[in-house]
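Here the structure comes first, spelled out in structure tokens, and everything after it is commentary.
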Amino acid sequence: MNLIFYSIFPLILNLKVQTQNIETSECEKSYGCFKVPENCENKDCEYLVKWKENGDSTDFVIGTIVQPSNFYLAVGFSDDKKMGNDSVVMCFNKRIGRNDIQHFFNSDSYSSVLKKDDPDIGLSEKKILQEDNFLSCSFRRKKFAESENKYFDLRKKAFLIMAKGNAFFENSDCYPENHKKNRLVSSEEIDFSRINSVKMSNGSYTLRKIHSSIMLFAWMFLSTLGIILERYYKYLGPDKKYFGVRLWFLLNDSSILSVNLLTILGLAFILIDKKFSWTSISMKANFSHSILGIIAICISVLQFIFVVLKPKKDQSNQKIFYWIQNVVRILANSLSIFSIMLGMIIFFKNNNWSILVVWLVWLFFMVLVLELIDNKKESNSSKILPSEISISEDVVKPSFFFSQDFKKILLIVHFALTSALFLTIIILISLKKSV
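Read in order, the letters of the sequence shown correspond to residues -19 to -1, 1 to 416 in mature numbering (1 follows the signal peptide of the UniProt record, and there is no 0).
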């Protein structure tokens, strides 16, 4: 019995040590820390790095939320904030077979093992644990290696770079799928002999905020308003013309063009942020957001083509053309809103996305009421015979809730509510400190 106890107890103790090493309560007490989001705790952290000086070495604990697949998590040390010529420690969690922690060197375009005949050069006390889709890796790294000039010397300050994604395996070798994806950089150089907390660099994060704000304005505000005006409010200013074009057509075409230009601008910001690389399929929510978004953008471009190819007023195919154009427009808008919803869930990681749900409920209610009003109007018109046209207006005058005045009130409420909710989301985006 004692033999069994003394055999199992070290394993239990070891498991306890491994599960405790991601405790963020140790930050700024016994460990220096880099956390994303900045105020996250333990397994709620998207990214986590902890460090503590240990003689001529530094003890590290790194962790991240992962997908149930072959995955890697990397922490790099760099003289600058750019990926290239960096010493990197990569942790691999192979689902079947061996896990491993190795030393890599990142050039501008690819990653390779730092020393082929000694892949874990400078590394010891290596441990890997994955629980509840959270991968944690701990290791001890020698501060310097005189025999290897590509080995980053941690006796001097360094920018900390983190990356994660899919990994692939060839025989006994492990490699990252793309070391430029899902990458974060510290806001400042770190002295790894000190116990302090360091924030993520907000440089690229600002681009994500700009991307989000532009897409929200383009689709939640501008595109939706344009569709509503086109469908239910053509009677507003029907006879006014500018540059020989009816005001309605001018506003409608300008709305479509503006949405397209803003969408392309928003896409440019996120592509710059991602270094023109696509989101890894292993990040399912992010990947779905990107796919929905790019499909919506492609469909949106069709709208502009429809504007250019618009038939003349007396052409027989005009009605079919506008019907197809409206279907394309509504489809692009719907996909964009769903993509924005998914983006908000990813971005905020809380219930702030419910603001968009409130707006969608209002939008559904408004469209339903406007459809009832228009159907009621058509129904009343069809019941009036030519001989009854001279009858007093009071006989056929609709109730207030089915009148054009009520439609105007709905439009004003929609504009005010959408503006308020849009600004609320923008403020929340601007106030968010980290991913």
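Glycine residues also receive a C-beta, built at the ideal position from the N, C-alpha and C atoms.
Measure the beta-carbon distance from residue i to residue j and round it to whole angstroms, keeping in mind my assumption that it falls under 8 Å.
| i | j | result |
| --- | --- | --- |
| Val30 | Met201 | Contact doesn't hold; Cβ gap of about 36 Å is too wide. |
| Ser178 | Cys14 | 5 Å |
| Asn74 | Leu116 | 5 Å |
| Val42 | Ile3 | 6 Å |
| Met181 | Ser168 | 6 Å |
| Asn314 | Ser204 | 5 Å |
| residue 418 | Val69 | The question about residue 418 has no answer, for the chain in this structure spans -19 to 416. |
| Lys190 | Ile410 | 5 Å |
| Val309 | Ile276 | Between Ile276 and Val309 the Cβ distance is about 12 Å, and since that is not below 8 Å, they are no contact. |
In angstroms with no decimal places, state the Cα-to-Cα distance between residue i and residue j.
| i | j | result |
| --- | --- | --- |
| Phe403 | Phe302 | 32 Å |
| Phe150 | Phe85 | 15 Å |
| Cys139 | Glu34 | The amino acid occupying residue 139 in the given sequence is Ala; Cys does not appear at that position. About 15 Å. |
| Tyr132 | Ala126 | 6 Å |
| Asp81 | Asn114 | 17 Å |
| Leu252 | Thr260 | 10 Å |
| Leu398 | Ser88 | 51 Å |
| Trp32 | Leu232 | 58 Å |
| Asp60 | Ile278 | 38 Å |
| Lys293 | Asn241 | 23 Å |
| Asn23 | Tyr12 | 14 Å |
| Trp343 | Leu391 | 11 Å |
| Ala148 | Ser239 | 41 Å |
| Leu110 | Leu54 | 12 Å |
Where do the ends of the beta strand (DSSP E) carrying residue i lie?
| i | result |
| --- | --- |
| Asn23 | It is not in any beta strand (DSSP E) - Asn23 carries neither H nor E in the DSSP assignment. |
| Leu217 | Segment: none, Leu217 is in no beta strand (DSSP E) and carries neither H nor E. |
Anyone know if the C-beta pair for residue i and residue j falls short of 7 Å?
| i | j | result |
| --- | --- | --- |
| Ser288 | Ile209 | Correcting the residue identity first, residue 288 is Val in this sequence and not Ser. No. |
| Leu337 | Met347 | no |
| Lys10 | Cys26 | no |
| Arg122 | Thr39 | yes |
| Phe230 | Leu188 | no |
| Leu316 | Leu349 | no |
| Ile327 | Ala266 | yes |
| Ser320 | His270 | yes |
| residue 417 | Thr45 | Past the edges of the chain, shown from -19 to 416, lies residue 417, and the structure says nothing about it. |
| Gly247 | Met196 | yes |
Which residue marks the beginning of the alpha helix (DSSP H) containing residue i, and which one marks its end?
| i | result |
| --- | --- |
| Arg136 | Premise fails: Arg136 is in no alpha helix (DSSP H) and is neither H nor E. |
| Glu127 | Run containing Glu127: none; DSSP gives neither H nor E here. |
| Arg212 | 205 to 213 |
| Thr45 | Counting along the chain, Thr45 falls outside any alpha helix (DSSP H), though it belongs to the beta strand (DSSP E) covering 38 to 46. |
| Lys180 | Counting along the chain, Lys180 falls outside any alpha helix (DSSP H), and DSSP gives it neither H nor E. |
| Lys265 | 265 to 289 |
| Met325 | 299 to 329 |
| Leu391 | 385 to 412 |
Consider the C-beta atom of residue i and the heavy atoms of the ligand GTP; say whether any pair is separated by less than 6 Å.
| i | result |
| --- | --- |
| Ser315 | This structure lacks the ligand GTP, and indeed carries no ligand of any kind. |
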